[in-house]
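Comments concern the structure below.
Residue numbers (the UniProt record's numbering), protein chains in the order written: chain L, 1 to 369; chain E, 1 to 444.
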């Protein structure tokens, strides 16, 4: 864990390649409009990027719950991605503080806080570095309620962690480890894709009576900007969002992959006249089976796409479940468009990622089957 | 629609200019600008200039080239010998006859229960057991120095601590028999106790995971302004895990009221402590390693353990800092019912500890000296303890196992859709094969 290069890392975030010139050649002519989620009775709005929305959510969490604390590596001065900026000044060093550099310690410490009744918001600096805490998260946090017969729990614990590709993150600043945790009963796993949703889902995660792992798409920290309600609101866990309705094929993804998929959907519509229904899963575990089932029963076709490697990835779980439930409705094999089964490679990132063109081809093939 | 158009323009704007916008805020580009415009070089920190010279206060510089090595060992505090004589009478906690008798009876009860349940496991009536032979003084000595508001995180060989706090033989036996009265609902192996009423966080098998958790727990107590601490028990083998390092360092830097209580019984299953560490035991890591106040104590001397724990608690609660206790003892019994310790150690070694350092006999001799205890009383209390455990066992064995629905409850605070579905699947399956599963042994 020597090479996180945290501060410079933020500065050199590069927007994903679909904005580059080569991608534009085959991209639709209209710019991509990622539809904002409407929050009912939202009140005052303010333009925020994703990290600001996360910061705003934690500000509200600290304000509304005097038992809540935020801790992790470098969160005191504002965090290497600026997510905790100003919070220590506002709420005091007892509630927003640095820990020693030790992920298993952060996780265990958070479990103990939650077990004693505090609200623990722990940060793991990169999802790539969550593995030293794997034992604490999988053997301890996830099983705490079950093994005690519900005498004790650590439900007021939330892990936040930046995940996913960022242009040049290499092996250890790019990983998407959601399926490792999705397979663990007792954990909830959440991945937002826009600032509005990040805020509502994070507040719901912090207040959720079960331990939650909340992966933030670091590629979107600065690049995604929306008019976010400044008030207190939650978006329920376990519910997917239909980002765009369609009738020919269902496309499922989450996090930063949603913009890639939206672009593929638009290409399919413009070039081939295919009507794609795009679903943002938002919660990986427990995932919204009904939403995807209903969509596939309507369209008869499914593509699932994620950045993580294909084998053992969460798309396999979705594909097998849909095959069990929608067998008579399926008109074509379910396609999984994922990262390859390799470590995340530095200079080959553009070739490695399941970009809009790979997804466009999958849509084309599934329709033509 | 208007709103989404606005968002669209924002996104486009930010995407087209993302690289330059982001770099404008980065340290690298600020550096670049500064160099190019030949401005006076400035520190990028917004903090006021101050050089940290703390190291000059904490250690001396020397021109002697010396490699440091371990020379001084932390001494072991002990006040009562095997004959029950207290060397420093002013340090005798001087409990009343009533309290001392209760302590002794609890040690004998623990010992008797261990003997019976060990045999019961051998007969296949419970699946697993771990005895506390030789460590009874640690349990009662430390537990008697704590407050009920103090939270306990334990490893698995602390049964006497729980007995002292009001956990009953029934509670222990029900958990070991995994019946419907087990508070853990029959989900964990025997010896994995947990109890809200005695403030004992449920035990889990993975070693040392409870240490950083205890630090978090005590931080929460501190934050809430409670006048309590968290005590965490662990063995010397567990102290080799990474979580030990994490916990000690977090407790020191975050200044938490945590008592780290290490039971150094010389064996981690078959691994002797000389294969576990090369330093001055576990205590040696405390003061210089982590800046944690530390005491080493004779774990077979109940008064020494009591005094040490009481002092540690006072420091933790009043000063809001952690304390490390290393209690030196010996694991007289096998590691567990799945272990035969004669394969890796000698009977002579075991007998040496049984005869010359025995913690129960030490307290008995103390009581005999005060004319508080006779052989008749000894016989009576052993018989009474045996009777208590046997009756408890008879009752526990007759009870049903917890209801099958408990397989699915408490994974989350609520049943998730897939759990509801899987529970139905099991119910349907059992209807097909009602005679192939021991359904009638489980509560409805």
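Yeah, the Cβ is synthetic: ideal placement off N, Cα and C, and Gly gets one too. Keep in mind it's a predicted model, so treat the numbers as computed, not measured.
Distance, residue j Cα to residue i Cα
i: residue 141 (chain L); j: residue 131 (chain L); result: 14 Å
i: residue 260 (chain L); j: residue 151 (chain E); result: 50 Å
i: residue 296 (chain L); j: residue 171 (chain L); result: 35 Å
i: residue 188 (chain L); j: residue 115 (chain E); result: 43 Å
i: residue 251 (chain L); j: residue 281 (chain L); result: 10 Å
i: residue 59 (chain E); j: residue 288 (chain E); result: 12 Å
i: residue 273 (chain L); j: residue 362 (chain L); result: 15 Å
i: residue 372 (chain E); j: residue 365 (chain E); result: 10 Å
i: residue 153 (chain L); j: residue 324 (chain L); result: 34 Å
i: residue 368 (chain L); j: residue 143 (chain L); result: 46 Å
i: residue 202 (chain E); j: residue 289 (chain L); result: 34 Å
i: residue 253 (chain L); j: residue 263 (chain L); result: 13 Å
i: residue 255 (chain E); j: residue 74 (chain L); result: 18 Å
i: residue 192 (chain L); j: residue 198 (chain L); result: 5 Å
i: residue 51 (chain E); j: residue 292 (chain E); result: 26 Å
i: residue 433 (chain E); j: residue 440 (chain E); result: 13 Å
i: residue 50 (chain L); j: residue 43 (chain L); result: 19 Å
i: residue 256 (chain L); j: residue 264 (chain E); result: 51 Å
Proximal residues of chain L, C-beta to C-beta of residue i below 9 Å
i: residue 413 (chain E); result: 145, 150, 153, 155, 208, 209 and 210
Contacts that residue i makes with chain E (C-beta to C-beta distance below 7 Å)
i: residue 46 (chain L); result: By Cβ distance, chain E contributes nothing, its closest Cβ being about 12 Å from residue 46 (chain L), past 7 Å.
i: residue 111 (chain L); result: 213 and 216
i: residue 447 (chain L); result: Nothing about residue 447 (chain L) can be read from this structure; chain L reaches only from 1 to 369.
i: residue 84 (chain L); result: What residue 84 (chain L) touches in chain E: nothing, since even the nearest Cβ is about 16 Å away.
i: residue 185 (chain L); result: 411
i: residue 169 (chain L); result: Under the 7 Å cutoff, chain E gives no residues; its nearest Cβ is about 15 Å from residue 169 (chain L).
i: residue 72 (chain L); result: Residues of chain E passing the Cβ test: none, with the nearest at roughly 12 Å.
Proximal residues of chain E, C-beta to C-beta of residue i below 9 Å
i: residue 102 (chain L); result: 212, 242, 245, 246, 249 and 250
i: residue 286 (chain L); result: 412, 416, 417, 418 and 419
i: residue 69 (chain L); result: 219, 220 and 223
i: residue 79 (chain L); result: Result: empty, since nearest Cβ-Cβ is about 14 Å, beyond 9 Å.
Under the three-state DSSP convention, the category residue i falls into
i: residue 326 (chain L); result: coil
i: residue 253 (chain L); result: strand
i: residue 321 (chain E); result: coil
i: residue 298 (chain E); result: strand
i: residue 431 (chain E); result: helix
i: residue 34 (chain L); result: coil
i: residue 27 (chain E); result: The predicted model places residue 27 (chain E) with a pLDDT of 39, which falls under 50 and marks its position as unreliable; any figure quoted below should be read in that light. The answer is helix: DSSP assigns residue 27 (chain E) an H, G or I state.
i: residue 146 (chain L); result: helix
i: residue 76 (chain E); result: strand
i: residue 338 (chain L); result: strand
i: residue 161 (chain L); result: strand
i: residue 292 (chain L); result: helix
i: residue 328 (chain E); result: strand
i: residue 48 (chain L); result: strand
i: residue 369 (chain L); result: coil
i: residue 5 (chain L); result: Because the pLDDT at residue 5 (chain L) is just 44, under 50, the model does not fix this residue reliably, and the value given afterwards should be weighed accordingly. Three-state result, residue 5 (chain L): coil.
i: residue 66 (chain E); result: coil
Contacts of residue i in chain L (Cβ-Cβ under 7 Å)
i: residue 201 (chain E); result: 115 and 152
Where residue i meets chain L, residues with beta-carbon distance less than 8 Å
i: residue 206 (chain E); result: 135, 139 and 140
i: residue 151 (chain E); result: 116
Where residue i meets chain E, residues with beta-carbon distance less than 8 Å
i: residue 94 (chain L); result: 223
i: residue 255 (chain L); result: Chain E residues near residue 255 (chain L): none, gap ~16 Å exceeds 8 Å.
i: residue 99 (chain L); result: 250, 253 and 254
Where residue i meets chain C, residues with beta-carbon distance less than 7 Å
i: residue 209 (chain E); result: In the structure shown, chain C does not exist; the protein chains are L and E.
Please identify, using Cβ separations under 8 Å, the residues of the stretch 179-197 of chain E that lie next to chain L, in order along the chain. 182, 183, 184, 185, 187, 188, 192, 194, 195 and 196
Could you tell me which uninterrupted beta strand (DSSP E) segments, each at least 3 residues in length, are contained entirely in the stretch 235-293 of chain E, listed from first to last along the chain? Here the runs fully enclosed are 258-264.
List in chain order: all unbroken alpha helix (DSSP H) runs of 4+ residues lying wholly within the stretch 64-129 of chain L. 87-91 and 103-115
Please list the residues of the stretch 227-246 of chain L that have a C-beta atom closer than 8 Å to any C-beta atom in chain E, keeping them in chain order. 227 and 238
The stretch 215-229 of chain E: positions lying closer than 7 Å to chain L by Cβ: 215, 216, 217, 219, 220, 221 and 223
When you check each C-beta in the stretch 245-261 of chain E against every C-beta of chain L, which residues fall closer than 8 Å? 245, 246, 247, 249, 250, 253 and 254
List in chain order: all unbroken alpha helix (DSSP H) runs of 4+ residues lying wholly within the stretch 158-184 of chain E. Entirely contained in the stretch 158-184 of chain E, the alpha helix (DSSP H) runs reaching 4 residues are, in chain order, 159-164 and 169-176.
Members of the stretch 282-306 of chain L near chain E, C-beta cut-off 7 Å: 286 and 289
List, from N- to C-terminal side, the alpha helix (DSSP H) runs of 4 residues or more that fit wholly inside the stretch 106-168 of chain E. 136-143 and 159-164
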